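Chemist: Below is the structure I would like to discuss, written out as structure tokens.
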Amino acid sequence: MLGRAVSVHTPFHPYSTLSIRNTSQSRLAMVALGMEDTSEILVEEMLLHCRSVARATKSAFTVGDLPMGSYEIAPEQALETAIRFVKEGRVQSVKLEGGKEMAPTILKITTAGIPVLGHVGLTPQRQNALGGFRVQGKTSGGALKVLEDALAVQEAGAFAVVLEAVPAEVAKLVTEKLSIPTIGIGAGNGCSGQVLVQVDMTGNFPPGRFLPKFVKQYGNVWAESLKAIETYRDEVKSRQYPAPEHTYPIAKEELEAFSSTIEKL
Numbered sequence: 010m011l012g013r014a015v016s017v018h019t020p021f022h023p024y025s026t027l028s029i030r031n032t033s034q035s036r037l038a039m040v041a042l043g044m045e046d047t048s049e050i051l052v053e054e055m056l057l058h059c060r061s062v063a064r065a066t067k068s069a070f071t072v073g074d075l076p077m078g079s080y081e082i083a084p085e086q087a088l089e090t091a092i093r094f095v096k097e098g099r100v101q102s103v104k105l106e107g108g109k110e111m112a113p114t115i116l117k118i119t120t121a122g123i124p125v126l127g128h129v130g131l132t133p134q135r136q137n138a139l140g141g142f143r144v145q146g147k148t149s150g151g152a153l154k155v156l157e158d159a160l161a162v163q164e165a166g167a168f169a170v171v172l173e174a175v176p177a178e179v180a181k182l183v184t185e186k187l188s189i190p191t192i193g194i195g196a197g198n199g200c201s202g203q204v205l206v207q208v209d210m211t212g213n214f215p216p217g218r219f220l221p222k223f224v225k226q227y228g229n230v231w232a233e234s235l236k237a238i239e240t241y242r243d244e245v246k247s248r249q250y251p252a253p254e255h256t257y258p259i260a261k262e263e264l265e266a267f268s269s270t271i272e273k274l
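Going from the sequence shown to the working numbering is simple: count from 1 and add 9.
Structure representation (structure tokens):
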């Protein structure tokens with residue numbers, strides 16, 4: 010399904026939400042909380058940040074990413090978690106990873122009236138089973154699996170599906186076969202929309218951080234922040250800051266009265 014491209018971002022707190030229109034994903038674990046991978050994050054941690062994002066957004070359609078261990082055991086478990094995300098996290102929908110094997114779970118949640126965003130291709134929560142963060146769909150059989158998974162997710166009632174780390178040509182063909190939108194991340198320009206991790210795209214990370222091939226860095230927030238902090242430190246040491254314009258005044262007569270009083274102490 011093609012049309013006007015959808016832009017999706019991944020904020021973690023109110024201030025990172027104010028400038029965007031869509032929110033999503035559990036990259037919170039790695040880029041905001043310093044975890045080794047997305048499988049570490051807990052439901053309570055995700056709910057905290059979902060609520061934080063929800064406070065700042067007025068019109069965005071928000072998506073809460075269900076953490077590993079909160080939906081795989083049974084569809085009933087997944088529905089209970091999804092309900093918590095809507096009621097406690099204040100999101101409008103949830104996202105979960107997996108294709109054909111997760112179709113019954115997606116159906117359970119959507120039947121209960123909660124919108125679901127699917128996620129196929131590279132599924133980060135399962136990266137250990139995939140041999141790491143590897144591109145999916147690079148063979149004819151692998152590409153067919155991506156399509157079959159996407160179709161199963163669609164049939165189960167998902168309103169859209171994320172295609173991650175899939176060859177662009179494959180993602181384009183999959184998109185054309187679906188009636189729901191695809192959101193690409195490392196899947197080329199033939200998807201219905203795109204998603205990037207906000208920390209990655211804004212360059213808000215220290216030097217040496219690994220960036221996937223598909224990330225385009227649109228700014229260097231880290232360098233600008235570091236420059237600002239260093240300038241602040243230098244101005245404090247040299248007593249340039251705070252300057253008179255950064256302080257609160259007191260009437261001359263009040264200051265004189267105060268000075269007179271403390272001289273008697």
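By construction, the Cβ of each residue, glycine as well, lies at the ideal position given by its N, Cα and C atoms.
None of these values were measured; they are calculated from a predicted model.
Helix, strand or coil for Gln34, going by three-state DSSP, please let me know.
Modeler: Unreliable placement is indicated for Gln34, whose pLDDT of 39 sits below 50; the coordinate value is still reported in the next sentence. Three-state DSSP puts Gln34 in coil, outside helix and strand.
Chemist: For Glu164 and Leu220, I'd like the C-alpha separation in whole angstroms.
Modeler: The straight-line gap from Cα to Cα measures roughly 34 Å.
Chemist: Spatial neighbours of Val95 within its chain, please: C-beta separation below 7 Å, excluding the five flanking residues on both sides.
Modeler: Once the five neighbours on either side are set aside, the close Cβ partners of Val95 are Ile123.
Chemist: Given 8 Å as the limit, is there contact between the segment 109-127 and the segment 72-91, that is, 3 or more CB pairs closer than that?
Modeler: Enough Cβ pairs lie closer than 8 Å, so yes.
Chemist: Give every residue of the same chain whose Cβ lies closer than 6 Å to the Cβ of Arg30, excluding the five residues on either side of it in the sequence, and list them in chain order.
Modeler: Unreliable positioning characterises Arg30 in this predicted model, as indicated by a pLDDT of 41, which lies under 50. The coordinate reading is nonetheless provided below. Correct list, in chain order: Ala69.
Chemist: Excluding the 5 residues flanking Asn213 on each side, which residues of the same chain have their C-beta closer than 7 Å to its C-beta?
Modeler: Hits under 7 Å: Val230 and Trp231.
Chemist: For a test of your reading of the model: does the CB of Ala87 fall under 7 Å from any non-hydrogen atom of the ligand SAM? Yes or no.
Modeler: Only the bare structure without any ligand can be found here, which leaves the ligand SAM out of the picture.
Chemist: Using a threshold of 8 Å, state whether the C-beta atoms of Arg135 and Arg99 are closer than that.
Modeler: No; because the gap between Cβ atoms is not below 8 Å, this pair is not in contact.
Chemist: Which whole-angstrom value is the C-beta distance of Val103 and Leu75, which I expect to be below 8 Å?
Modeler: Indeed they touch by this definition, with Cβ atoms about 5 Å apart.
Chemist: Can you have a look at Arg248 and say buried or exposed, based on whether 16 or more other CB atoms are within 10 angstroms of its CB?
Modeler: Arg248 should be labelled exposed.
Chemist: How is the alpha helix (DSSP H) around Phe267 delimited, first residue to last?
Modeler: Taken as a continuous stretch (DSSP letters only), the alpha helix (DSSP H) holding Phe267 covers Lys261 to Glu272.
Chemist: Are Val170 and Val129 close, meaning C-beta to C-beta below 8 Å?
Modeler: Yes; because the gap between Cβ atoms is below 8 Å, this pair is in contact.
Chemist: Is it right to say Ile271 is buried, meaning 16 or more other beta carbons lie within 10 angstroms of its own, or is it exposed?
Modeler: Burial call: exposed.
Chemist: How about Leu156 and Val125: do their beta carbons lie closer than 8 Å?
Modeler: Not closer than 8 Å, so no.
Chemist: So Val72 is in the beta strand (DSSP E); what residue range does that whole segment cover?
Modeler: That run of the beta strand (DSSP E) goes Phe70 to Asp74.
Chemist: Using only the alpha-carbon positions, how far apart do Ala65 and Val72 sit?
Modeler: Straight-line Cα distance between these residues: approximately 14 Å.
Chemist: Once DSSP output is grouped into helix, strand and coil, what is the label at Val206?
Modeler: Coil at Val206, not helix or strand.
Chemist: Please go through the same chain and pick out, in chain order, the residues whose beta-carbon is closer than 8 Å to the beta-carbon of Tyr250, but skip the five residues on each side of it.
Modeler: Counting only Cβ-Cβ distances below 8 Å, and skipping sequence neighbours, we find Tyr241 and Glu244.
Chemist: For the beta strand (DSSP E) that Lys104 lies in, which residues bound it at each end?
Modeler: Here the beta strand (DSSP E) through Lys104 covers Ser102 to Lys104.
Chemist: Measure how close the beta-carbons of Ala180 and Gly199 come, nearest whole angstrom, since I'm counting them as under 8 Å.
Modeler: Their Cβ separation, rounded to whole angstroms, is 6 Å, which keeps Ala180 and Gly199 in contact under 8 Å.
Chemist: What would DSSP say about Val179, mapped onto helix, strand or coil?
Modeler: In the structure shown, Val179 sits in a helix (DSSP, three-state: H, G or I).
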